[in-house]
Amino acid sequence: MVLEKIYIEQKPLQPPKPPSKDWFRIILLVFAVFALIFAALYFSEVVEKDEHGNYRLKSERKEKFEADSLKMTEECQQYALVAKVSGIYPCFSCPDRDSIFLNEGEIWKYGVTCNGEKRRYGNKMPTQDLVYLPQYTGSLLECSIMETRKIIEYPLLPENLNRKPADRLARPAGNPYDK
Amino acid sequence: MKYEYTMRSNDDFAVSAMVWHELYPKLKLGLFQSLLCKHLKIKDYSEIVKHYYFVFIVMQKLVPQETHRFQTKTGFLLNSLIMDYDKFAQADEAQAMQMQAELYLEGIKYIPKSWGMKKRPFDWQKFYTDVRNLFVEQGWIKEN
Numbered sequence: 001m002v003l004e005k006i007y008i009e010q011k012p013l014q015p016p017k018p019p020s021k022d023w024f025r026i027i028l029l030v031f032a033v034f035a036l037i038f039a040a041l042y043f044s045e046v047v048e049k050d051e052h053g054n055y056r057l058k059s060e061r062k063e064k065f066e067a068d069s070l071k072m073t074e075e076c077q078q079y080a081l082v083a084k085v086s087g088i089y090p091c092f093s094c095p096d097r098d099s100i101f102l103n104e105g106e107i108w109k110y111g112v113t114c115n116g117e118k119r120r121y122g123n124k125m126p127t128q129d130l131v132y133l134p135q136y137t138g139s140l141l142e143c144s145i146m147e148t149r150k151i152i153e154y155p156l157l158p159e160n161l162n163r164k165p166a167d168r169l170a171r172p173a174g175n176p177y178d179k
Numbered sequence: 001m002k003y004e005y006t007m008r009s010n011d012d013f014a015v016s017a018m019v020w021h022e023l024y025p026k027l028k029l030g031l032f033q034s035l036l037c038k039h040l041k042i043k044d045y046s047e048i049v050k051h052y053y054f055v056f057i058v059m060q061k062l063v064p065q066e067t068h069r070f071q072t073k074t075g076f077l078l079n080s081l082i083m084d085y086d087k088f089a090q091a092d093e094a095q096a097m098q099m100q101a102e103l104y105l106e107g108i109k110y111i112p113k114s115w116g117m118k119k120r121p122f123d124w125q126k127f128y129t130d131v132r133n134l135f136v137e138q139g140w141i142k143e144n
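Protein sequences, first through last, are from chains A and B. Start counting the first sequence at 1; every next residue gets the next number (this note's numbering). Start counting the second sequence at 1; every next residue gets the next number (this note's numbering).
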């Protein structure tokens, strides 16, 4: 018995077309343009003429400068969150995993909080397994410098150097960025 | 500050602190938490409270507000009280333990007044008595 061979003509498979990125690019561009428009300040919004016809800054603009300057000098606090108990903690700075083992007393995160956030800060208790340790009190600028320095220097802490090479971190587990 | 991540600990009782870093070694948070979790069950005092979380506040500047709040969604009862900073800084080990024990007991009295706890059952008097007995057994406070 001869089996008839059935030839089915098949078209060669075409590689799938990558999804068109044009629409996505257009949307991004429109968004960027609107963002620039709304973020931009016009000259007329910040400057006015006085009674003599001389230019001067509008009072709202001056007040903003004073408020921003004041914020840089208000009393703030640089703190550390440390593990209260040994165990697994979320890791936002780990390149290849989302958790890490920390021993009791090891740093989880450095941060800064200011007097202006006292109300929110007062309601933000540490989670059960972290202890909030203020380490420095000063101006926002000083505290920010302290915070950044500690994050940058974290890799050299003994607690990090004592880990296996593959487990050593570039930043504390709770600090995904340098700031 | 954001604390939106989920931590592992799911014990009936948790004790933590907001404390100036140099005074941190004086706090014996682990002792408190293990003692309470070993001998007491929160369900003996309330059907709706699943976890009782106490925070010692020992800070000199930018001192946070005390918090007394029940979170219905999670069943967490939060209590944070401020410790006298100067007194704690000068206290020896025994005095420091006594201050912590007394503040923890003081916190229990806030439970019926906590936000979200009105008209919700919690046998705080029994809880107070049981905790006090534990602290007396440990020698942290004196028996009256």
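Cβ coordinates follow ideal geometry from the N, Cα and C atoms, glycine included.
What does residue i reach in chain A if we use C-beta pairs closer than 8 Å?
{"i": "leucine 29 of chain B", "result": "Lys84, Val131"}
{"i": "histidine 68 of chain B", "result": "Simply none; closest approach about 11 Å."}
Alpha carbon to alpha carbon, what distance is there between residue j and residue i?
{"i": "lysine 87 of chain B", "j": "isoleucine 145 of chain A", "result": "31 Å"}
{"i": "alanine 83 of chain A", "j": "glutamine 65 of chain B", "result": "23 Å"}
{"i": "asparagine 160 of chain A", "j": "aspartate 68 of chain A", "result": "37 Å"}
{"i": "glutamate 60 of chain A", "j": "phenylalanine 32 of chain B", "result": "53 Å"}
{"i": "methionine 96 of chain B", "j": "valine 136 of chain B", "result": "First, the residue type needs correcting, since residue 96 of chain B is alanine and not methionine in the sequence shown. C-alpha separation (whole angstroms): 15 Å."}
{"i": "valine 63 of chain B", "j": "histidine 21 of chain B", "result": "14 Å"}
{"i": "glutamate 45 of chain A", "j": "leucine 140 of chain A", "result": "29 Å"}
{"i": "glutamate 93 of chain B", "j": "lysine 26 of chain B", "result": "7 Å"}
{"i": "glutamine 138 of chain B", "j": "lysine 64 of chain A", "result": "57 Å"}
{"i": "lysine 109 of chain A", "j": "leucine 81 of chain A", "result": "5 Å"}
{"i": "asparagine 79 of chain B", "j": "leucine 40 of chain B", "result": "18 Å"}
{"i": "proline 112 of chain B", "j": "valine 85 of chain A", "result": "30 Å"}
{"i": "glutamine 135 of chain A", "j": "tryptophan 23 of chain A", "result": "50 Å"}
{"i": "lysine 49 of chain A", "j": "phenylalanine 43 of chain A", "result": "12 Å"}
{"i": "glutamate 106 of chain A", "j": "aspartate 123 of chain B", "result": "37 Å"}
{"i": "leucine 169 of chain A", "j": "threonine 137 of chain A", "result": "27 Å"}
{"i": "lysine 28 of chain B", "j": "serine 34 of chain B", "result": "10 Å"}
{"i": "aspartate 129 of chain A", "j": "glutamate 74 of chain A", "result": "30 Å"}
{"i": "phenylalanine 92 of chain A", "j": "leucine 157 of chain A", "result": "18 Å"}
{"i": "lysine 62 of chain A", "j": "leucine 41 of chain A", "result": "15 Å"}
{"i": "isoleucine 27 of chain A", "j": "valine 33 of chain A", "result": "10 Å"}
{"i": "tyrosine 154 of chain A", "j": "glutamate 104 of chain A", "result": "17 Å"}
{"i": "phenylalanine 101 of chain A", "j": "isoleucine 88 of chain A", "result": "4 Å"}
{"i": "lysine 58 of chain A", "j": "phenylalanine 31 of chain A", "result": "30 Å"}
{"i": "valine 47 of chain A", "j": "arginine 56 of chain A", "result": "6 Å"}
{"i": "lysine 164 of chain A", "j": "asparagine 133 of chain B", "result": "45 Å"}
{"i": "tyrosine 110 of chain B", "j": "arginine 171 of chain A", "result": "40 Å"}
{"i": "glutamate 102 of chain B", "j": "lysine 38 of chain B", "result": "20 Å"}
{"i": "isoleucine 151 of chain A", "j": "aspartate 167 of chain A", "result": "17 Å"}
{"i": "valine 125 of chain B", "j": "asparagine 10 of chain B", "result": "Strictly speaking, residue 125 of chain B in this sequence is glutamine, with valine absent from that position. Their backbone Cα atoms lie some 24 Å apart in a straight line."}
{"i": "leucine 120 of chain B", "j": "isoleucine 82 of chain B", "result": "In the sequence as presented, leucine is not what sits at residue 120 of chain B; that position holds arginine. Rounded to the nearest angstrom, the two C-alpha atoms are 25 Å apart."}
{"i": "glutamine 78 of chain A", "j": "tyrosine 177 of chain A", "result": "16 Å"}
{"i": "cysteine 114 of chain A", "j": "cysteine 143 of chain A", "result": "9 Å"}
{"i": "lysine 2 of chain B", "j": "valine 112 of chain A", "result": "In this prediction, lysine 2 of chain B scores a pLDDT of 36, lower than 50, which makes its location untrustworthy; no coordinate-derived value is stated."}
{"i": "lysine 185 of chain A", "j": "leucine 133 of chain A", "result": "Given that chain A is displayed from residue 1 to residue 179, the structure contains no residue 185 of chain A and the question cannot be resolved."}
{"i": "methionine 99 of chain B", "j": "glutamate 143 of chain B", "result": "15 Å"}
{"i": "glycine 53 of chain A", "j": "glutamate 66 of chain A", "result": "25 Å"}
Which residues in chain B have a C-beta closer than 8 Å to the C-beta of residue i? List them in chain order.
{"i": "glutamate 75 of chain A", "result": "Lys61, Leu62"}
{"i": "cysteine 80 of chain A", "result": "Correcting the residue identity first, residue 80 of chain A is alanine in this sequence and not cysteine. Under the 8 Å cutoff, chain B gives His21."}
For a contact defined as C-beta to C-beta under 7 Å, what are the partners of residue i on chain A?
{"i": "alanine 14 of chain B", "result": "Gln128"}
{"i": "tyrosine 24 of chain B", "result": "Val131, Leu133"}
Name, please, each residue of chain A whose Cβ falls closer than 9 Å to the Cβ of residue i.
{"i": "tyrosine 52 of chain B", "result": "By Cβ distance, chain A contributes nothing, its closest Cβ being about 11 Å from tyrosine 52 of chain B, past 9 Å."}
Which residues share a DSSP beta bridge with residue i?
{"i": "leucine 130 of chain A", "result": "A:Ala83"}
{"i": "methionine 18 of chain B", "result": "A:Tyr132, B:Ile57"}
{"i": "tyrosine 154 of chain A", "result": "Its beta-bridge partners do not exist; DSSP assigns none."}
{"i": "glutamate 48 of chain A", "result": "A:Arg56"}
{"i": "asparagine 79 of chain B", "result": "B:Phe54, B:His68"}
{"i": "glutamine 100 of chain B", "result": "Glutamine 100 of chain B is not bridged to any residue."}
{"i": "glutamate 75 of chain A", "result": "A:Ser139"}
{"i": "isoleucine 107 of chain A", "result": "A:Val82"}
{"i": "proline 90 of chain A", "result": "A:Ser99"}
{"i": "cysteine 37 of chain B", "result": "Beta-bridge pairing links cysteine 37 of chain B to no other residue."}
If residue i sits next to residue j, beta carbons under 8 Å apart, how far is it from one beta carbon to the other, in whole angstroms?
{"i": "aspartate 146 of chain B", "j": "tyrosine 52 of chain B", "result": "The first residue shown for chain B is 1 and the last is 144, placing residue 146 of chain B beyond what the model contains."}
{"i": "tyrosine 104 of chain B", "j": "valine 131 of chain A", "result": "Not a contact, Cβ separation roughly 16 Å."}
{"i": "methionine 173 of chain A", "j": "cysteine 94 of chain A", "result": "Reading the sequence as shown, one finds alanine at residue 173 of chain A and not methionine. 7 Å between Cβ atoms; contact."}
{"i": "proline 90 of chain A", "j": "aspartate 98 of chain A", "result": "6 Å"}
{"i": "isoleucine 108 of chain B", "j": "phenylalanine 127 of chain B", "result": "6 Å"}
{"i": "glycine 75 of chain B", "j": "lysine 50 of chain B", "result": "3 Å"}
For residue i, which residues in chain B fall below 9 Å Cβ to Cβ?
{"i": "tyrosine 148 of chain A", "result": "The residue asked about is misnamed: residue 148 of chain A is threonine in this sequence, not tyrosine. Here the premise fails: no neighbours, minimum Cβ distance about 17 Å."}
Quick check on residue i - is its C-beta less than 7 Å from some C-beta in chain D?
{"i": "phenylalanine 76 of chain B", "result": "Going by chain labels, chain D is absent from the structure shown, which instead holds the protein chains A and B."}
At a threshold of 6 Å, does residue i count as lining the ligand MN (C-beta to nearest heavy atom)?
{"i": "aspartate 167 of chain A", "result": "Ligands are entirely absent from the displayed structure, and the ligand MN is therefore not among its contents."}
query = Counting Cβ pairs, one atom from each stretch, are 3 or more of them under 8 Å apart for the segment 55-71 of chain B and the segment 14-21 of chain B?
reply = yes
query = Would you call the segment 110-127 of chain B and the segment 57-75 of chain B touching, i.e. three or more CB-CB distances under 8 Å?
reply = yes
ask   = Counting pairs of beta carbons, one from the segment 82-101 of chain B and one from the segment 37-55 of chain B, are three or more of them closer than 8 Å?
value = no
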